[in-house]
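Heads up, the thing below is written out as structure tokens.
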Amino acid sequence: MAIFNFSDEETLGKVASVDTTNVIVEVENVDQLKRLQVNHLAVLQSSKPGQHLIGVITQVTRKRGIEEVVGDGINDQASELNMCRIALIGTMLDRDGEKENVFRRTLESVPEIDANCFSLEGENLTGFMRTLSSISADGNALTLGKYTLDENAVAYLNGNKFFQRHAFVGGSTGSGKSWTTAKIIEQMSALSSANAIVFDLHGEYSPLVGEGIQHFKVAGPADVEDKKTIADGVFYLPYWLLSYEALVSMFVDRSDQNAPNQAMIMAREINQAKQRYLEENSQNDVLKHFTVDSPVPFELDVLMARLNEINVEMVPGARSGSEKQGEFYGKLARMISRLENKISDRRLGFMFNGGADVLDFTWLDKFVTAVLGSTDENGKAGIKIINFSEVPSDVLPLIVSLVARVTFSVQQWTPSELRHPIALLCDEAHLYMPQRNMAESADDISLDIFERIAKEGRKYGVSLVVISQRPSEVNKTMLSQCSNFVSMRLTNAEDQGVIKRLLPDSLGGFSDILPTLDTGEALVVGDASLLPSRIRVGEPHNKPNSGTVDFWDEWQQPAKDKRLSIAVGNWRKQNI
Ligand SMILES: Nc1ncnc2c1ncn2[C@@H]1O[C@H](COP(=O)(O)OP(=O)(O)OP(=O)(O)O)[C@@H](O)[C@H]1O
Ligand SMILES: [Mg+2]
Numbered sequence: 002m003a004i005f006n007f008s009d010e011e012t013l014g015k016v017a018s019v020d021t022t023n024v025i026v027e028v029e030n031v032d033q034l035k036r037l038q039v040n041h042l043a044v045l046q047s048s049k050p051g052q053h054l055i056g057v058i059t060q061v062t063r064k065r066g067i068e069e070v071v072g073d074g075i076n077d078q079a080s081e082l083n084m085c086r087i088a089l090i091g092t093m094l095d096r097d098g099e100k101e102n103v104f105r106r107t108l109e110s111v112p113e114i115d116a117n118c119f120s121l122e123g124e125n126l127t128g129f130m131r132t133l134s135s136i137s138a139d140g141n142a143l144t145l146g147k148y149t150l151d152e153n154a155v156a157y158l159n160g161n162k163f164f165q166r167h168a169f170v171g172g173s174t175g176s177g178k179s180w181t182t183a184k185i186i187e188q189m190s191a192l193s194s195a196n197a198i199v200f201d202l203h204g205e206y207s208p209l210v211g212e213g214i215q216h217f218k219v220a221g222p223a224d225v226e227d228k229k230t231i232a233d234g235v236f237y238l239p240y241w242l243l244s245y246e247a248l249v250s251m252f253v254d255r256s257d258q259n260a261p262n263q264a265m266i267m268a269r270e271i272n273q274a275k276q277r278y279l280e281e282n283s284q285n286d287v288l289k290h291f292t293v294d295s296p297v298p299f300e301l302d303v304l305m306a307r308l309n310e311i312n313v314e315m316v317p318g319a320r321s322g323s324e325k326q327g328e329f330y331g332k333l334a335r336m337i338s339r340l341e342n343k344i345s346d347r348r349l350g351f352m353f354n355g356g357a358d359v360l361d362f363t364w365l366d367k368f369v370t371a372v373l374g375s376t377d378e379n380g381k382a383g384i385k386i387i388n389f390s391e392v393p394s395d396v397l398p399l400i401v402s403l404v405a406r407v408t409f410s411v412q413q414w415t416p417s418e419l420r421h422p423i424a425l426l427c428d429e430a431h432l433y434m435p436q437r438n439m440a441e442s443a444d445d446i447s448l449d450i451f452e453r454i455a456k457e458g459r460k461y462g463v464s465l466v467v468i469s470q471r472p473s474e475v476n477k478t479m480l481s482q483c484s485n486f487v488s489m490r491l492t493n494a495e496d497q498g499v500i501k502r503l504l505p506d507s508l509g510g511f512s513d514i515l516p517t518l519d520t521g522e523a524l525v526v527g528d529a530s531l532l533p534s535r536i537r538v539g540e541p542h543n544k545p546n547s548g549t550v551d552f553w554d555e556w557q558q559p560a561k562d563k564r565l566s567i568a569v570g571n572w573r574k575q576n577i
């Protein structure tokens, strides 16, 4: 049964002009004109039978011309020019092969001059939204909530397309990004072998518990002291897992005149230390093929001892029996002291203080199983929420991208027939994937990794969901690789501009609603959604700790005792 039933009396008006995707309709029905709203939908008669064209109203005008004097009265009706502009977005087919009522994002025909136009409201709207929804709702469909236009119709997204080519969730602070993310996580966790890592920078997602969800934390100073392990949900990211470039960026000061020498010696000595480790552990297979970047443990003490040796090395002089300073004498001093500083920094305990465990050859297997696996001894556990709240901000990009790199490498080295897709949900992404021109040189490594995943991840089944309050500060390459945008309220003009540029031209006006969206309301555009849709995101069952404080109410309550001395104590101990 066709979903549209329009009678002639309901006609809004007739098509007056058509260009490629825009149509101007001369509105005859003034009552309807008053009810028209920008961003609502309209239906146009198509030149082909069994088809209707669907469009978004982008402009409504009511103009009075020069008033004409007819007889002794004024006839302004005749001089009115009432118009609306409509951007065409798709075609509704009554039938497509076996299927009835099929919506396509293409324009299968164009309307003719004088074709009838109807405003899509009431029953017709509900029917249309329902068809849209059920078209994409095959199997266990992904949904964020209901359409704002029709609160009875669930807005389904195509879960394959949403993750296939990366998604972006943007919105000003407090607009509802974390809740939306929680809603997505909740639905993923219901699938039997979903696989995802959530970068939780503030420990916001700790209330998200349930089957299929696991929590991990990057070890903080207190966890290191208490010797917590992965069994306690605490993990280490040992220094030897860092790529050579990452190690250099951490330990070599580029402005030092000896930087090239230091980097070269670092590469040579790390290679040596890895070789020694492999020999001692009889890993002959690996020994033949490893490189400085291979994830092979090495002992830091061995490396330090060698660096110190080279730094004070004396070599035989020209005269027999004499000695002179070696080529690198004193040239490594600054690098050594940088290394010593980092090693003794308690905040970096997760890298340098993992103890004997992290030097075990099987450590990486265990780590990867925990972080990338989709089951554990209790059953499914595919969503891994990693709390980075105790990682110091200067190394945060390095550490977050390290987890991303491990994920990507593992996917790359998995034979394609065994590969299982994984999504990386990157909250507060502007912190670790900034625009190149705003980035510090140390961020380059992190950017290289994320850009690579953005460009090549699809082939290896790695998907990114980039979440940020500042679209304009997020790396452009990343954004341009996303094909789905969930945009929540955006108040900053620059940020709005970024989203606006990503919308198709004909829908440019759609983005004008960005600053007026309600909390928890989103504009969803992209190949996962049949139509650019305004969606009221449903509440997740378990809500993230978004830390919304009711200042005025709190200030009317007595302040808590001893809170300041407790805070000072925790700050000193670096533990809460
Ligand atoms: N879908 C929703 N329905 C109702 N209320 C919501 C919804 N989403 C968010 N809110 C409200 O808005 C508050 C802030 O939401 P949220 O923490 O998701 O914002 P955010 O965009 O992640 O902010 P930030 O950028 O600061 O992290 C929540 O505490 C909640 O009260
Ligand atoms: Mg948030």
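Note that the working numbering has the sequence shown beginning at 2, numbered continuously upward. Note that CB positions come from ideal geometry on N, CA and C, so glycine has one too.
DSSP places Leu-524 in the strand class (E or B) of the three-state scheme. Per the coordinates, the alpha-carbon of Leu-304 lies some 29 Å from the alpha-carbon of Ala-371. Per the C-alpha coordinates, the member of Val-31, Arg-106, Arg-63, Gly-128 positioned closest to Thr-22 is Arg-106. Counting along the chain, the unbroken alpha helix (DSSP H) around Tyr-245 starts and ends at 245–252.
For Ser-179, same chain residues with a beta-carbon under 6 Å away, outside a window of 5 residues either side, are Glu-205, Pro-545, Ser-547 in chain order. If you check the CB distance, Gly-356 and Gln-575 do not come in under 9 Å. For His-290, the enclosing alpha helix (DSSP H) covers residues 285–290.
Taken through DSSP and simplified to helix, strand or coil, Leu-45 comes out as strand. When DSSP states are grouped into helix, strand and coil, Asp-444 belongs to the helix group. Between ligand 2 and the CB of Ser-190, the shortest heavy atom gap is not smaller than 8 Å. When the Cα atoms are used, Lys-456 and Val-499 turn out to be separated by approximately 20 Å. Cβ-Cβ separation between Val-235 and Ile-271: approximately 27 Å, too far for a contact (criterion under 8 Å). Taking C-beta separations shorter than 6 Å and ignoring five residues to either side along the sequence, the partners of Val-487 in its chain run Val-170, Ala-523, Val-525, following chain order.
Three or more beta-carbon pairs separated by less than 8 Å are not found between the segment 96–116 and the segment 469–489, which leaves the two stretches without contact. If you draw a straight line from the Cα of Glu-429 to the Cα of Glu-29, it is about 50 Å long. Within a 10 Å sphere around the beta-carbon of Met-434 sit 16 or more other beta-carbons, which makes this residue buried. As the crow flies, the alpha-carbon of Asn-159 is around 32 Å from that of Val-19.
Under the three-state reduction of DSSP, Ser-464 is assigned to strand. The segment 191–207 makes no contact with the segment 223–235, as fewer than three CB pairs between them are under 8 Å.
Between Val-249 and Lys-385, the gap from beta carbon to beta carbon reaches 9 Å or more.
The C-beta of Pro-398 has 16 or more other C-beta atoms within 10 Å across all chains shown, which makes the residue buried. Looking from the CA of Asp-95, the closest CA among Ala-560, Ala-116, Ile-55, Asn-196 belongs to Ile-55. C-alpha of Leu-504 to C-alpha of Pro-516: approximately 16 Å in a straight line. Three or more Cβ pairs drawn from the segment 36–51 and the segment 121–130 lie within less than 8 Å of each other, which places the two stretches in contact. With a threshold of 8 Å, the Cβ atom of Glu-540 counts as near ligand 1, since some heavy atom of the ligand is closer than that. When Cβ pairs closer than 8 Å are counted between the two stretches, the segment 322–336 is seen to touch the segment 262–269, the count reaching three or more. In this structure, Thr-12 keeps its C-beta atom at 9 Å or more from the C-beta atom of His-53.
Residue pairing for Met-315: DSSP places it in a beta bridge opposite Gln-326.
Annotation for Leu-238: Val-219, Phe-351, Met-352, Ile-400, Leu-403 place their beta carbon closer than 7 Å to its own, counting only its chain and skipping 5 residues before and after. Judged by DSSP secondary structure, Ala-424 falls outside any alpha helix (DSSP H) and instead within the beta strand (DSSP E) spanning 423–427. Each of Asn-571, Trp-556, Ser-345 was checked against the Cα of Lys-563, and the nearest Cα belongs to Asn-571.
Taken in chain order, the complete beta strand (DSSP E) segments of 3 residues or longer contained in the segment 165–227 are 168–171, 197–201, 214–219. About 5 Å separates the beta carbons of Asn-388 and Asp-201, which is inside the 8 Å limit, making them a contact pair. Taking Ile-514 as the centre and dropping the five residues before and after it, the same chain places the C-beta of Asn-40, Leu-524, Arg-535 closer than 8 Å to its C-beta, in chain order. The closest CA to that of Ile-87, considering only Ala-3, Leu-150, Thr-62, is found on Thr-62. The beta carbon of Lys-184 sits closer than 7 Å to those of Leu-145, Val-538, Gly-539, Pro-541, all from its chain and outside the five residues before and after it, given in chain order.
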